[in-house]
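S.K.:
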Amino acid sequence: MSKLDKELLHLFRKIRDRIHSNLILNYAITAAAAALGGSLVAAFLSRIIPIYAVYNKAALGVLAAALVAVIYGAFKTPGNRQVALRVDSMGLQERTLTAVELIGKENTFAILEKQDALKHLKAINLKKSLPIRPNRKYLALCAILIAALAVSAFIPNPMAEKAKELNHLKQEIVKQQKKVVEVEKKITKNVKLTEEQKKEAEAKLQELKKELKAAQSKKDIDKALQKTQKKLEYLSDKYTDSKENLEKLMSTLAQNQATKQLADMIKNSNEKELKDNLKKVAEQLKKMDKEQLKQLSKNISELANQIKNNSELKQALGELAQKLASGEMGDVSESLDQLADSISDMMSDANFKKAMQELSKQLGEMQQGEQGQQGENQGNQNGQGTPGNGSKDGGGQQTGGQGSGKIPGQGQGQGQGQGQGGGSGSGTDMGQENPNPLTPGSGIQKKDGSTKKIGEYEKIFTSKTLGGDGEQSNLAGQKNNSGSTDQITTDKSQTVRGSSVSYDQVFGEYRQQALDSINSNDIPAGMKDLIKDYFSSLEE
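Position in the sequence shown (first residue = 1) + 3 = the working numbering.
1) Taking contact to mean 3 or more Cβ pairs, one atom from each stretch, closer than 8 angstroms, check whether the segment 79-96 and the segment 45-53 are in contact.
2) Smallest Cα separation from residue 184: which of 157, 254 and 213?
3) For the structure I just gave you, are there three or more beta carbon pairs, one from the segment 121-139 and one from the segment 87-96, closer than 8 angstroms?
4) Which same chain residues end up closer than 7 angstroms to residue 32 when comparing Cβ atoms and leaving out the 5 residues on each side of it in sequence?
5) Considering only their Cβ atoms, is the gap separating residue 148 from residue 40 smaller than 7 angstroms?
6) How long is the line joining the alpha carbons of residue 196 and residue 180, rounded to whole angstroms?
7) Can you tell which of 113, 109, 134 and 127 has its C-alpha closest to the C-alpha of residue 28?
8) Around the Cβ of residue 19, are there at least 16 other Cβ atoms within 10 angstroms (buried) or fewer (exposed)?
9) Apply the 10 Å Cβ neighbour rule to residue 255 and answer buried if 16 or more other Cβ atoms are within range, or exposed otherwise.
10) Under a Cβ-count criterion, where at least 16 other Cβ atoms within 10 Å of its own Cβ denotes burial, should residue 215 be classed as buried or exposed?
11) Are the CB atoms of residue 69 and residue 35 within a distance shorter than 7 angstroms?
12) Assuming residue 102 and residue 11 are in contact, meaning their beta carbons sit under 8 angstroms apart, how far apart are those beta carbons, in whole angstroms?
13) Under 8 angstroms by Cβ, that's how I've got residue 119 and residue 98 pegged, so tell me the actual separation to the nearest angstrom.
14) Have a look at residue 62 and residue 72 and give me their C-alpha separation to the nearest angstrom.
15) Alpha carbon to alpha carbon, what distance is there between residue 169 and residue 54?
16) Looking only at its own chain, which residues have a Cβ that is under 8 angstroms from the Cβ of residue 117, when we skip the five neighbours before and after it?
17) Going by CA-CA distance only, name the one from 85, 161 and 225 that's closest to residue 16.
18) Counting only runs of 4+ residues fully inside the segment 81-151, write out the alpha helix (DSSP H) ranges in chain order.
19) Can the beta-carbon of residue 544 be found closer than 7 angstroms to that of residue 366?
20) With respect to 6 angstroms, is the separation between the Cβ of residue 151 and the closest non-hydrogen atom of the ligand ADP below this value?
21) Per DSSP, what kind of secondary structure is residue 193 in: helix, strand or coil?
22) What's the call for residue 217, buried or exposed, on a 16-neighbour Cβ count within 10 Å?
23) Terminal residues of the continuous alpha helix (DSSP H) containing residue 55?
24) Please state whether DSSP places residue 539 in a helix, a strand or coil.
25) To the nearest angstrom, report how far apart residue 225 and residue 182 are at their CA atoms.
26) According to DSSP, simplified to helix, strand and coil, what is residue 169?
27) Could you please give the first and the last residue of the uninterrupted alpha helix (DSSP H) stretch that includes residue 29?
28) Please state whether the Cβ-Cβ distance between residue 66 and residue 151 is less than 7 angstroms.
29) On the premise that residue 113 lies in contact with residue 100, defined as a C-beta separation below 8 angstroms, what is that separation, rounded to the nearest angstrom?
30) Note down, in chain order, each residue of its chain lying with its Cβ closer than 7 angstroms to the Cβ of residue 129, except the 5 sequence neighbours on either side.
31) Beta-carbon within less than 7 angstroms of residue 531's beta-carbon, same chain only, minus the 5 sequence neighbours each way: which residues are those?
32) Could you pull the start and end residues of the alpha helix (DSSP H) that residue 218 belongs to?
33) Does DSSP put residue 234 in a helix, in a strand, or in coil?
34) Report the CB separation of residue 76 from residue 38 in whole angstroms; it is logged as a contact under 8 angstroms.
35) From residue 188 to residue 194, what does the alpha carbon distance come to, in whole angstroms?
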């Protein structure tokens with residue numbers, strides 16, 4: 004390649020790099036504008052459907068779009084023909100395109116063409132003619148979209164709280180699923196379980212993960228955990244007889260010195276040593292006298308009658324008892340081998356039961372943690388009652404002749420006051436009520452949209468003088484045209500109003516006692532939900 008060609012290519016590549024850089028910049032701005040437009044749509048949609056942290060996601064989306072555009076532009080280098088046409092559009096009249104096509108040719112015409120093109124290219128002010136700057140239209144569009152997003156951030160979002168709840172729910176589901184995976188790993192690593200038992204337990208845990216994934220509320224998470232816990236408890240209960248039979252067998256074997264070693268091996272769940280030491284046990288049995296063999300045979304025979312739901316073990320114990328009773332010790336090893344196989348199966352069942360109990364306990368702890376967090380949230384929201392103060396005019400008023408009198412009265416309850424006025428004139432009884440402040444945890448949460456206020460609930464009281472004949476009592480004085488006479492029926496005996504308690508305080512205490520009771524007792528989840536829904540309906 005000639006010196007002229009090298010110089011021409013060097014300058015041409017310099018021009019191409021500037022054009023390429025400008026393309027990358029505008030790719031990024033175009034992608035950012037598109038992402039901003041999508042973010043603006045998402046911001047308005049978040050007022051209709053819950054979208055958590057929509058503006059944070061919008062910012063990340065814009066940055067990600069710009070980064071992808073830069074990477075795309077970096078690999079999309081403009082071709083030589085495209086660059087040549089771009090340069091020729093500045094008044095070179097296809098000199099650049101012709102010169103690029105003639106590179107490598109050394110005839111007179113080609114050399115003259117390349118020299119002419121190089122001369123014109125050197126005369127171009129690259130910074131002025133090929134500036135690296137963004138497209139102003141796209142830049143203005145980005146500015147408008149950013150301003151619109153900023154304005155939308157000040158518009159109230161009615162779905163914000165729901166979006167937070169859904170996000171918290173997703174995090175909780177992920178958290179619980181991780182715990183389930185840890186439990187699965189423990190099952191897989193448990194060498195005391197058979198492959199069939201592992202598959203059975205893992206199937207239940209897989210169902211739990213699916214139910215957690217489909218959960219729509221914290222209540223659904225709680226139900227899924229409780230449901231799986233019950234399934235594992237059921238699996239554990241299937242092997243209760245095996246555990247009981249194993250304990251009875253250990254107790255019987257421990258009573259005899261020759262078989263005590265077997266009982267210890269069973270207790271330590273050592274199947275290998277159990278089978279390896281059967282020969283030693285057989286030799287020790289052969290050395291026992293008839294009385295010892297007879298007593299051992301009796302114990303084993305009684306044990307065989309107590310065995311539940313295990314015909315193989317019952318048969319093995321029965322055969323061993325017969326051989327011990329008859330003194331036929333020649334093939335006692337065969338009976339011991341049969342017994343060892345049955346014991347191994349029971350030990351495996353007992354290990355599975357223990358593993359299922361541990362899993363059930365872990366799920367119970369996960370459920371209690373979920374309920375504790377849920378109860379804490381409820382306590383923060385509607386477990387506190389605000390002390391109420393209220394005042395209300397009570398009594399009646401009487402107008403008459405000359406003079407006036409005003410006697411303040413005080414009372415408790417629903418704004419009732421007591422007072423007395425004598426003589427003719429006017430009297431006004433005023434009453435004030437100061438309801439007892441509600442203790443934390445005994446208040447009723449005010450529903451959204453309700454117009455009730457603290458202190459508006461009806462008082463509940465027990466009068467100590469219910470019933471009675473009663474009589475009419477008239478206030479002394481003369482009635483004129485502007486006055487009025489009130490008639491009050493009172494009991495013959497001394498009237499005592501009794502204690503007065505606000506309805507919401509009574510309801511709150513009763514509700515809390517009921518919730519504490521169902522949480523502390525083994526009650527089905529469906530019944531718990533029914534009780535909670537009942538109290539919720541009373542609050543409406």
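Yeah, the Cβ is synthetic: ideal placement off N, Cα and C, and Gly gets one too. Please read all numbers here as calculations on a predicted model, not as lab measurements.
M.R.: Straight from the coordinates:
1) Counting Cβ pairs under 8 angstroms, fewer than three are found: no touch.
2) With distances taken between CA atoms, residue 184 lies nearest to 213 out of 157, 254 and 213.
3) Contact holds: three or more Cβ-Cβ distances are below 8 angstroms.
4) Counting only residues of its own chain and dropping the five nearest sequence neighbours on each side, residue 32 has a CB closer than 7 angstroms to the CB of 137, 138, 141, 142 and 145.
5) Their beta carbons are under 7 angstroms apart, which means residue 40 touches residue 148 by this criterion.
6) If you take the alpha carbons of residue 196 and residue 180, they lie about 23 angstroms apart.
7) Comparing C-alpha distances from residue 28 to each of 113, 109, 134 and 127 shows the shortest one belongs to 134.
8) With 16 or more other CB atoms across the displayed protein chains lying within 10 angstroms of its CB, residue 19 is buried.
9) Answer is buried; the Cβ neighbour count reaches 16.
10) Residue 215 is buried by the Cβ-count criterion.
11) Yes, the Cβ-Cβ distance between residue 35 and residue 69 is below 7 angstroms.
12) Contact holds; Cβ gap of about 6 angstroms.
13) Contact holds; Cβ gap of about 6 angstroms.
14) A direct Cα-to-Cα measurement between residue 62 and residue 72 gives close to 16 angstroms.
15) The alpha-carbon atoms of residue 54 and residue 169 are separated by roughly 9 angstroms.
16) A distance below 8 angstroms between beta-carbons, with the five flanking residues on each side excluded, links residue 117 to the following residues of its chain, in chain order: 7, 8, 11, 102, 105 and 106.
17) The option with the nearest alpha carbon to residue 16 is 85.
18) Those alpha helix (DSSP H) runs which fall completely within the segment 81-151 and span 4+ residues are 83-91, 98-104, 111-125 and 129-132.
19) As shown, the chain starts at 4 and ends at 543. That puts residue 544 outside it, with no answer to give.
20) The model on display carries no ligand, and the ligand ADP is accordingly not part of it.
21) Reduced to three states, the DSSP call for residue 193 is coil.
22) By the 10 Å Cβ count, residue 217 comes out exposed.
23) No alpha helix (DSSP H) contains residue 55, which DSSP labels as neither H nor E.
24) In the displayed model, residue 539 falls within a helix according to three-state DSSP.
25) One C-alpha to the other measures close to 14 angstroms.
26) For residue 169, the three-state secondary structure derived from DSSP is helix.
27) For residue 29, the uninterrupted alpha helix (DSSP H) segment begins and ends at 6-48.
28) For residue 66 and residue 151, no; Cβs fall outside 7 angstroms.
29) Rounded, the Cβ-Cβ distance is 14 angstroms, inconsistent with contact.
30) Here residue 129 has 18 and 21 as same chain residues with Cβ atoms under 7 angstroms from its own Cβ, once five neighbours each way along the sequence are excluded.
31) 521.
32) Careful: residue 218 lies outside any alpha helix (DSSP H) and carries neither H nor E.
33) It is helical.
34) At roughly 15 angstroms, the Cβ-Cβ gap does not stay under 8 angstroms, so residue 76 and residue 38 are not in contact.
35) Counting only the Cα atoms, residue 194 lies some 12 angstroms from residue 188.
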